[in-house]
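Asker: Quick note: the sequence shown uses this note's numbering, first residue 298, plus one each step.
Backbone N, C-alpha and C fix where the C-beta goes; we use that ideal spot for every residue, glycine too.
Everything numeric in this text was worked out from a predicted model, so none of it was measured.
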Amino acid sequence: MNESFVRLEAVTKRRGDRKVVSNVSFEATEGEFLALLGPSGCGKTTTLRLIAGLETPDAGEIWIAGRRVTANGSNLLPPRSRGVGFVFQDLALWPHLTVTGNLDFVLASAKVPKRERAERIAEALRLVRIEGFAQSYPGQLSGGEQQRAALARTLIARPRLLLLDEPMSSLDPNLKAELLNELASVQRSLGVTAIYVTHNEDEAAALATRIALMTDGRIELIDKAERLKLNRSEGATSSAERDYEAV
């Protein structure tokens with residue numbers, strides 16, 4: 298089995314008196330696709346933001362690629378140095394830039410030489426199959442095309458860890474199924490470690506090697522996707538499995 302690539306140890310995040318993430322511990326091995334499954338407001342997005350360094354935990358440690366990036370209530374490594382790519386729920390494409398412009402901005406910010414950018418942009422567009430929309434603006438794209446553009450913008454930086462926060466929640470079922478298959482294929486081909494947040498059981502099962510069930514800021518259970526589905530079909534009655542069934 299591969300070694301742990303990302304690891305959370307007793308991570309807690311408070312907002313006022315409320316623990317939105319409470320003593321959370323889990324790990325994802327290198328190249329694994331892990332789904333974080335739970336109802337809205339259970340702390341899934343905050344957990345992703347803590348891993349990315351966009352927020353700071355009040356307690357616990359976070360490790361990425363063998364390096365401790367968070368400890369003692371402080372971020373030890375800034376987001377740009379963590380090798381993390383983040384696909385947000387609202388996609389966050391820059392509307393005033395074309396698809397190519399969105400990708401080029403990422404490369405320019407990373408100080409990639411101009412002579413290398415065109416090749417990398419073409420590679421990213423091919424990977425997510427939107428070569429024909431290179432000069433389109435986000436507002437001219439369909440929902441599925443915007444999803445692909447956001448994924449290309451994330452992948453072009455060649456992250457070692459991919460974090461996805463319910464990026465397909467607004468899509469119709471047929472398009473969602475198509476893009477889930479393509480996302481799984483891209484993740485496997487690149488070998489990147491991925492953590493996918495969702496409240497949808499079918500999405501989690503379609504993508505993930507393992508599923509972590511989250512409720513009220515806590516990880517209730519982590520297991521292989523097929524084992525969780527088997528437990529549910531057999532009428533398991535633990536609180537974690539009931540939460541899973543109700544989502």
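Beta strand (DSSP E) containing Arg-457: first to last residue?
Answerer: Here residue 457 refers to the residue found at position 160 of the sequence shown. Careful: Arg-457 lies outside any beta strand (DSSP E) and carries neither H nor E.
Asker: Is the distance from the Cβ of Gly-514 to the Cβ of Ser-319 below 7 Å?
Answerer: The residue given as residue 514 occupies position 217 in the sequence shown. The residue given as residue 319 occupies position 22 in the sequence shown. Yes, the pair counts as a contact, with Cβ atoms nearer than the cut-off.
Asker: Taking all protein chains shown into account, decide if Thr-342 is buried (16 or more other Cβ within 10 angstroms of its Cβ) or exposed.
Answerer: Start at 1 with the first residue of the sequence shown, and residue 342 comes out as number 45. Thr-342 is buried by the Cβ-count criterion.
Asker: Counting pairs of beta carbons, one from the stretch 450-467 and one from the stretch 383-392, are three or more of them closer than 8 Å?
Answerer: Verdict: yes, contact present.
Asker: Write down every uninterrupted run of the beta strand (DSSP E) in the stretch 311-391 whose length is 3 residues or greater and which is fully enclosed by it, in chain order.
Answerer: Correct list: 315-326, 330-334, 356-361, 364-368, 381-384.
Asker: In the DSSP assignment, what are the bridge partners of Val-403?
Answerer: Numbered from 1 along the sequence shown, position 106 holds the residue referred to as residue 403. BP columns for Val-403 are empty, so no partner.
Asker: For the alpha helix (DSSP H) holding Leu-468, just list the boundary residues, first then last.
Answerer: By one-based count along the sequence shown, residue 468 stands at place 171. First-last for Leu-468: undefined, no H or E at that position.
Asker: With distance defined between alpha-carbon atoms, name the residue in Tyr-493, Ser-378, Ala-481, Glu-475 nearest to Ala-454.
Answerer: As a working note, residue 454 is residue 157 in the sequence shown. For Ala-454, the nearest C-alpha among the options comes from Ser-378.
Asker: On a CA-only basis, which of Asn-497, Ala-474, Leu-345, Arg-426 is nearest Val-381? Give me that one, please.
Answerer: Looking up residue 381 in the sequence shown gives position 84. Looking at the Cα atoms, Leu-345 is the closest of the given residues.
Asker: What's the C-alpha gap between Gly-338 and Lys-411?
Answerer: Taking the first residue of the sequence shown as 1, we reach residue 338 at position 41. Taking the first residue of the sequence shown as 1, we reach residue 411 at position 114. Rounded to the nearest angstrom, the two C-alpha atoms are 42 Å apart.
Asker: With a cut-off of 8 Å on the beta carbons, I'd call Glu-327 and Thr-490 a contact; round off their distance for me.
Answerer: For the purposes of this step, residue 327 is taken as residue 30 along the sequence shown, with counting starting at 1. For the purposes of this step, residue 490 is taken as residue 193 along the sequence shown, with counting starting at 1. Sure, about 6 Å apart at Cβ, within 8 Å.
Asker: With a threshold of 8 Å on Cβ separation, who are the neighbours of Ala-447 within its own chain once the five nearest residues in sequence on each side are excluded?
Answerer: Against the sequence shown, residue 447 aligns to sequence position 150. Excluding positions up to five away in sequence, the list reads Val-384, Phe-385, Leu-388, Ala-389, Leu-390, Pro-464.
Asker: Label Glu-500 either buried or exposed according to how many other C-beta atoms from any shown protein chain fall within 10 Å of its C-beta, with 16 as the threshold for buried.
Answerer: Reading the sequence shown from its first residue, position 203 is the one you call residue 500. When all chains shown are included, Glu-500 counts as buried.
Asker: Considering Ile-418, what are the terminal residues of the beta strand (DSSP E) in which it resides?
Answerer: On the sequence shown, residue 418 is found 121 positions in, with the first residue counted as 1. Premise fails: Ile-418 lies in the alpha helix (DSSP H), 411-425, not in any beta strand (DSSP E).
Asker: Quick check on Ser-301: does DSSP put it in helix, strand or coil?
Answerer: As a first step, residue 301 must be located in the sequence shown, where it is residue number 4. The answer is strand: DSSP assigns Ser-301 an E or B state.
Asker: Indicate whether Lys-449 and Leu-333 have their beta-carbon atoms separated by less than 7 Å.
Answerer: One-based indexing of the sequence shown puts residue 449 at position 152. One-based indexing of the sequence shown puts residue 333 at position 36. Reading off the sequence shown, one finds Ala at residue 449, where the question assumed Lys. No, Cβ-Cβ distance for Ala-449 and Leu-333 is not below 7 Å.
Asker: Where Asn-471 and Gln-484 are concerned, what is the direct C-alpha to C-alpha distance, given to the nearest angstrom?
Answerer: Counting from 1 along the sequence shown, the entry for residue 471 is found at position 174. Counting from 1 along the sequence shown, the entry for residue 484 is found at position 187. Each residue's Cα considered, the two are about 20 Å apart.
Asker: Of the choices Ala-362, Pro-336, Leu-373, whose alpha-carbon is the least far from that of Glu-352?
Answerer: On the sequence shown, residue 352 is found 55 positions in, with the first residue counted as 1. If we check each option's Cα against that of Glu-352, Leu-373 comes out closest.
Asker: Look up Val-308 in the DSSP assignment and say whether it is helix, strand or coil.
Answerer: Stepping through the sequence shown from its first residue, residue 308 is reached at position 11. Val-308 falls in the strand class under three-state DSSP.
Asker: Measure the Cβ-Cβ separation of Gly-363 and Met-511 and say whether it is below 7 Å.
Answerer: Position 66 of the sequence shown, counted from the start, is the residue given in the question as residue 363. Position 214 of the sequence shown, counted from the start, is the residue given in the question as residue 511. No, the pair does not count as a contact, with Cβ atoms beyond the cut-off.
Asker: Report, in whole angstroms, the separation of the C-beta atoms of Leu-477 and Ala-503, which I expect to be a contact under 8 Å.
Answerer: Mapped onto the sequence shown, residue 477 falls at position 180. Mapped onto the sequence shown, residue 503 falls at position 206. Contact flag correct, Cβ pair sits at about 5 Å.
Asker: Which of the three DSSP states is assigned to Glu-523 in this structure?
Answerer: Here residue 523 refers to the residue found at position 226 when the sequence shown is read from its first residue. Helix at Glu-523.
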